[in-house]
Structures are given as C-alpha cells and as structure tokens.
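Mapping to the working numbering: the sequence shown position 165 is 157, numbers consecutive. Idealized CB from N, CA, C, for every residue including glycine.
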Amino acid sequence: MRIKDFSTIKTKSGKLSFADQIKGSFQYGFSWPADIAAQEDFISILEKDADQRFSLLRNYPLKEVDVRVPLILIGPPGVLVISFCRKRGLYRARENQWLEMSGKKFKPAKENLIRRTQLYARAVQKVLQEIGHPDVNVDGLLAGMHPGITIDSQNPAVRALQLDALRYWSTRFTQEPPALSSEKIYQIVADLIELATKDEKAETEQEAARQKAAHPPKPDKVKQALAPVEKRLNFTTKQWAILGLLMFGIVAVLSIFILFIYLSY
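Shown next as structure tokens:
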C-alpha cells in the first residue's frame, strides 16, 4: 500500500517524539497525538491486506474549510474516508446519530462522529467533482480504535466498526470486486496530491509575504545620515563614494610627499 502523508509533523517509524507531541498539541489541539496513534493502529491492520493497488492519503488538507481528513483510502473497491473514535464505552450508531450509553440509557454523544464522518466524505466528494472525477462515489467509515469499545450498528449513515471487526472488514474490503480501474486510481491520487501540493505552495508564499510585511528590512543608517546632505548637494550615494575615494587618494599622496621631505632632511 502506498502512503502519502500530508502532516506538517510526520512520525518517525510510527512514533512521535516528545517534542513533536508538544508541538502538534499546540498546533492542532491536545487530542492530536491520540489521533495520530489511532491512524497508526488502523494502518497496521490495513497493511496486512492492502497491496500496491491501494493508496492512502493521511491528514489530507481541505483548504476551503481549513480541516484535514484523517485518512482517504483509494483502491479498486472505491474511495473511502476514515475517521476514528478513540474512547472506550458502549455506543450506538443509528442512521446519522452517534449515541453513548450513559446512566443505563443511550444519549447523544458530545461529538456526533457519524455526522463528522459524513461531512468528511461529502467534502472529499466535492473536491473530486471539482478536479474532474464527478463519477466517483465516496463512502465513510468510522473506526472504533479502543479495545474497550462496543458499537451497536443500526443502519448507520456510514459504516461504524469496533476494533475486533476491523480486521475482518479489512480482509473483505480489499477483496471486493473492483469498481475503479488502476488507471482511474492513479489519476485520482495524482490529482488529489497535485491539488494539495499546489495549495501548500500558495500557503507558504502567503506566509512568507505576511512575514515580510510584519518584519520589514531595517533602513540603512548610513543612507539615512547622508540623505539630507545628498538632498542639499544633489549628490547620489555612488557619487559620494567616488568623492570619498578621491579624498583618500589625495590624503595618501600628501602623506607620502610629507614623509619624503622629512626623510630628505
């Protein structure tokens, strides 16, 4: 499986250094290290079944809404957006609701992960339409990555699977009949990477322009000192430099002449 990571802070051998964890937490929020760990765990499951026909885009940037899609899997079965639940507990995925067991009752969770996964999928679908792939459908998967999670699925809007079911799903998904040709997969991946790279380059240039505007170059003190004199005498900096060299030459000649007279006596 080919993996392209769009993270600004990349892991080394699947592990984040302590410094990177601190940096990422301040940049993306304190849940960021756990988000990356969930991705790594999911990838370790998927890699056992997904061969080189599959490509995985990590933390893909959506510039219009300023968010990053955790994972986009592109392969013969189609395009799949994956998001994660990292908490333990008993959950119910029903249509577009994400419910959590609390006080012996299922109640809406603080964050509707089904809805969030739907929005990720719709955003990627829109991007594909804009870059010339309107015929490609995008599905969503909510993966429960905590060993202590149980998910009761009741016709959810996106597939929701707990950790022990993901291994079985991975095997079946990678063996599904192809919906996309190898040429189509290559083109989708290439177009998505080109779009993200172009956006990142534009963002870098904008940031450089902002930094330049925020920290303009300091004025030349010599030029500032000469400016009033130049204005009065109508001399340019270059002309002053030439005049300075001439004066230095005259002083040098006079010094040599005086020294010669002194030595003659």
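Given this structure, state the Cα-to-Cα distance separating residue 31 from residue 0, to the nearest angstrom.
Position 39 of the sequence shown, counting from 1, holds the residue named residue 31. Position 8 of the sequence shown, counting from 1, holds the residue named residue 0. If you take the alpha carbons of residue 31 and residue 0, they lie about 15 angstroms apart.
At a cut of 8 angstroms, does the segment 154 to 165 reach the segment 86 to 106 through at least three beta carbon pairs?
Contact fails: fewer than three Cβ-Cβ distances are below 8 angstroms.
With distances taken Cα to Cα, identify the nearest neighbour of residue 132 among 146, 87, 86 and 109.
Position 140 of the sequence shown, counted from the start, is the residue given in the question as residue 132. If we check each option's Cα against that of residue 132, 109 comes out closest.
Near residue 37, what residues of its chain come up, given a Cβ to Cβ distance below 8 angstroms and the 5 sequence neighbours on each side ignored?
Residue numbering aside, residue 37 sits at position 45 when the sequence shown is read from its first letter. Cβ within range, chain order: 158, 159 and 162.
Any heavy atom of the ligand ZN within a distance shorter than 6 angstroms of the CB on residue 159?
With respect to the ligand ZN, the structure shown offers nothing to examine, as it has no ligands at all.
Using only alpha-carbon positions, find the residue among 96, 54 and 107 that is nearest to residue 118.
Walking along the sequence shown from the start, residue 118 turns up at place 126. Checking every option, the nearest Cα to that of residue 118 belongs to 54.
To the nearest angstrom, how far is it from the Cα of residue 145 to the Cα of residue 183?
Walking along the sequence shown from the start, residue 145 turns up at place 153. Walking along the sequence shown from the start, residue 183 turns up at place 191. Approximately 34 angstroms, taken between the alpha carbons.
Identify every residue that forms a DSSP beta bridge with residue -3.
The residue labelled residue -3 in the question sits at position 5 within the sequence shown. Answer by DSSP bridge pairing, in chain order: 50.
I'd like to know if residue 84 contacts chain D, where contact means its C-beta is closer than 7 angstroms to some C-beta of that chain.
Of the protein chains in the structure, only one exists, and it is not chain D.
Examine the Cβ distances between the segment 56 to 66 and the segment 80 to 93 and report whether three or more of them are shorter than 8 angstroms.
The segment 56 to 66 is not in contact with the segment 80 to 93.
Along the chain, where does the alpha helix (DSSP H) containing residue 128 start, and where does it finish?
The residue you call residue 128 lines up with position 136 of the sequence shown. Taken as a continuous stretch (DSSP letters only), residue 128 belongs to no alpha helix (DSSP H), as it is neither H nor E.
Using the three-state DSSP reduction, which class does residue 262 fall into: helix, strand or coil?
An answer regarding residue 262 cannot be provided, because it is not within the stretch -7 to 257 covered by the chain.
Tell me whether residue 271 is buried or exposed, calling it buried when 16 or more other Cβ atoms sit within 10 Å of its Cβ.
An answer regarding residue 271 cannot be provided, because it is not within the stretch -7 to 257 covered by the chain.
Check whether the Cβ atoms of residue 172 and residue 123 lie closer than 7 angstroms to each other.
Position 180 of the sequence shown, counted from the first residue, corresponds to residue 172. Position 131 of the sequence shown, counted from the first residue, corresponds to residue 123. It is not a contact, given that the beta carbons lie outside the stated cut-off.
What three-state label does DSSP hand residue 68 in the structure shown?
Locating residue 68 in the sequence shown gives position 76, counting from the first residue. Three-state result, residue 68: coil.
According to DSSP, is residue 25 helix, strand or coil?
The residue given as residue 25 occupies position 33 in the sequence shown. It is helical.
Can you check which of these residues, 67, 56 and 91, is closest to residue 41 by C-alpha distance?
Sequence index remark: in the sequence shown, residue 41 carries index 49 (1-based). For residue 41, the nearest C-alpha among the options comes from 67.
Which value, in whole angstroms, describes the spacing of the CA atoms of residue -5 and residue 47?
What you label residue -5 is simply residue 3 of the sequence shown in a count that begins at 1. What you label residue 47 is simply residue 55 of the sequence shown in a count that begins at 1. Near 6 angstroms, if we compare the C-alpha coordinates of residue 47 and residue -5.
With distances taken between CB atoms, is the gap from residue 134 to residue 115 smaller than 7 angstroms?
Looking up residue 134 in the sequence shown gives position 142. Looking up residue 115 in the sequence shown gives position 123. No.
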